[in-house]
Amino acid sequence: MSLKRRQFLIFGGMAVGASLATLSQEVFRADKTSDRSATTAANLIIPQVNGQSKNNVFTIGREIAPKGLFAPARGDVRIVVISDLNSQYGSTSYEAEVVQAIALAPGWQPDLVLCSGDMVAGQSPSLSQSQIKAMWAAFDKTIGAPLRKAKLPYGFTVGNHDASSAVGANARYLFAQERVLAKAHWQAPQHDPGLNFVDRADFPFNYTFEQNNIFYLVWDASSAQITSKQLTWVEKSLASPTAQAAKMRIVIGHLPLYAVAVGRDEAGEFLVNAEKLRSRLEHHRVHTYISGHHHAYFPAHRGQLQLLHTGALGAGARPLLNSNLSPQKTLTVIDINLSSATTVYTTYNMTTLKLVNQLALPRIIVGPNGSVLRRDVEWNDLTPAERSLTYVPSS
Ligand SMILES: [Zn+2]
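Residue numbers (numbering that gives the first Met the number 0): 0 to 394.
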């Protein structure tokens, strides 16, 4: 046990009883390298620091969550992260966990709701234009409109089921109609997601926005290839004074850099050139890359880059590679401490509304294009057996 962890447990025990000490085992209080544990403990004792976001008055350090759920201490900035909402092809209804998440979202008092893609159930050539429009209407009724009503800004990236960027032999989009209709949906003024755009020239595919001193870059990673044209834009955007002056930079895309889930460890299910992309993000001091598509929650890091692999809320939760844990549908709350540029994740199983025990997740996942470590684990912490793990295809 590290000194900081021990300090926290003692602090927590003294301040608010033993139950929190137990919970601290289940919640990542800190990036390993930070002193966030101590900060969090201090917040538990002195919880009266007032802040104000665009829409909500909140108290930094106060423990806030919907009634009955575990309540993490609020950071300077709080994001509710959801992902992979869709059911089967063409579906205009959403599973109970999606509906529940949207109903509960205001109770966390977030500054922002982020979605890492797959909001509707497209990517089928058999879907007609009217079916696709009906899916987006259902999305708006179930998710978009309730978030607008709650005055929660909504940042998102398109997934392969929303607007796949896959191209055919003739270099044309395979799902061109879906891309046209997704763009039309998001560019309609009545669907305004409430973001403070920096660059919306290619919204909703590649765009940037800023909120609470954090710079967000969304890239279209709805297929495995980030194009050279995209990368030129990414470099320019992340190098800009606006991006570099921000206290933190976060990038969001649907496909992850590395594979973490069973059945998603084949080419096409994670980004091509992950190592190069990661080095460019690190170069521009990106803190976290948030992705979806694998339907399996895994809070990870590789090198200097934090990697939040979000779980699905819709159909098809998947098991993690290197794990016997049951698949689960999850939602993650990120609390951000701006001065230390650190993040705390609190993740809920949205079927049971219980906390996910993050320390029970694998310490390392070895995939076909590289391994990722659980975010509290460093390479030096691994046992010789863990270090010698090699990739085994899941199917
Ligand atoms: Zn997907």
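A virtual CB, placed ideally from N, CA and C, is assigned to each residue, including glycine.
Just the Cα atoms here: how many angstroms apart are Ala242 and Arg147? Here the alpha carbons of Arg147 and Ala242 stand approximately 26 Å from one another.
Please report the straight-line C-alpha distance between Leu319 and Val259, rounded to a whole angstrom. The alpha-carbon atoms of Leu319 and Val259 are separated by roughly 6 Å.
As assigned by DSSP and simplified to three states, the class of Met349: Note: Met349 maps to coil in three-state DSSP.
Does the beta carbon of His308 fall short of 7 Å from some heavy atom of ligand 1? It does not: the Cβ of His308 is nowhere closer than 7 Å to a heavy atom of ligand 1.
Return the Cβ separation of Phe174 and Ala168 in integer angstroms, given the expectation that the two are a contact with Cβ distance under 8 Å. Contact flag wrong, Cβ pair sits at about 15 Å.
Inspect the beta-carbon positions of Leu307 and Leu280 and report whether they are closer than 8 Å. No.
In chain order, what residues place their C-beta within less than 5 Å of a heavy atom belonging to ligand 1? Cβ atoms closer than 5 Å to ligand 1 belong to Asp117, Gly158, Asn159 and His292.
Give every residue of the same chain whose Cβ lies closer than 7 Å to the Cβ of Gln87, excluding the five residues on either side of it in the sequence, and list them in chain order. The answer, listed in chain order, is Ala120 and Ala314.
With burial defined as no fewer than 16 other Cβ atoms inside 10 Å of the residue's Cβ, what is the status of Pro240: buried or exposed? Classification for Pro240: exposed.
Along the chain, where does the alpha helix (DSSP H) containing Ile131 start, and where does it finish? Counting along the chain, the alpha helix (DSSP H) containing Ile131 begins and ends at Gln128 to Phe138.
Which residue's Cα is closest to the Cα of His190: Arg199, Tyr153 and Gly291? Considering only alpha carbons, the answer is Tyr153.
Can you tell me which residues form a DSSP beta bridge with Ser290? Ser290 pairs with His308.
Judging by CA-CA distance, which residue of Ser322, Val97 and Ala340 is the nearest neighbour of Thr329? Taking only the C-alpha atoms, the option nearest Thr329 is Val97.
Between the alpha carbons of Ser322 and Leu237, how many angstroms are there, rounded? Straight-line Cα distance between these residues: approximately 35 Å.
Own chain residues within Cβ distance below 6 Å of Ile396, not counting five before or after: Since the displayed the chain opens at 0 and closes at 394, residue 396 lies outside it and no answer follows.
Are the segment 255 to 272 and the segment 280 to 295 touching, with three or more C-beta to C-beta distances below 8 Å? Yes: the two stretches touch, three or more of their Cβ pairs being nearer than 8 Å.
Paired residues, beta bridge with Val332 - DSSP: Per DSSP, the beta-bridge partners of Val332 are Val79 and Thr345.
In three-state terms, what does DSSP make of Ala260? Reduced to three states, the DSSP call for Ala260 is strand.
Same chain only: Cβ atoms within 6 Å of Ser1, ignoring 5 sequence neighbours per side: With a pLDDT of 42 at Ser1, under the threshold of 50, the modelled position of that residue is not reliable, and no figure is offered here.
Taking Thr457 as the reference, give the member of Asn379, Val365 and Met118 with the closest Cα. Within the shown structure, residues of the chain are numbered from 0 to 394, placing residue 457 beyond reach of any answer.
Do Ala223 and Asn368 have their CB atoms nearer than 8 Å? For Ala223 and Asn368, no; Cβs fall outside 8 Å.
Excluding sequence positions up to five away, which residues of its chain have a Cβ less than 6 Å from the Cβ of Ile363? Leaving aside the five residues that flank Ile363 on each side, the residues in its chain whose CB is nearer than 6 Å to its CB run, in chain order, Ser370, Leu372 and Glu385.
Please classify Ser227: is it buried, with 16 or more other beta-carbons within 10 angstroms of its beta-carbon, or exposed? Result: exposed.
Determine the burial state of Leu111: buried for a count of at least 16 other Cβ atoms within 10 Å of its Cβ, exposed for fewer. With 16 or more Cβ atoms within 10 Å of its Cβ, Leu111 is classed as buried.
Start and end of the alpha helix (DSSP H) containing Arg147? DSSP places Arg147 in the uninterrupted alpha helix (DSSP H) bounded by Ala144 to Lys148.
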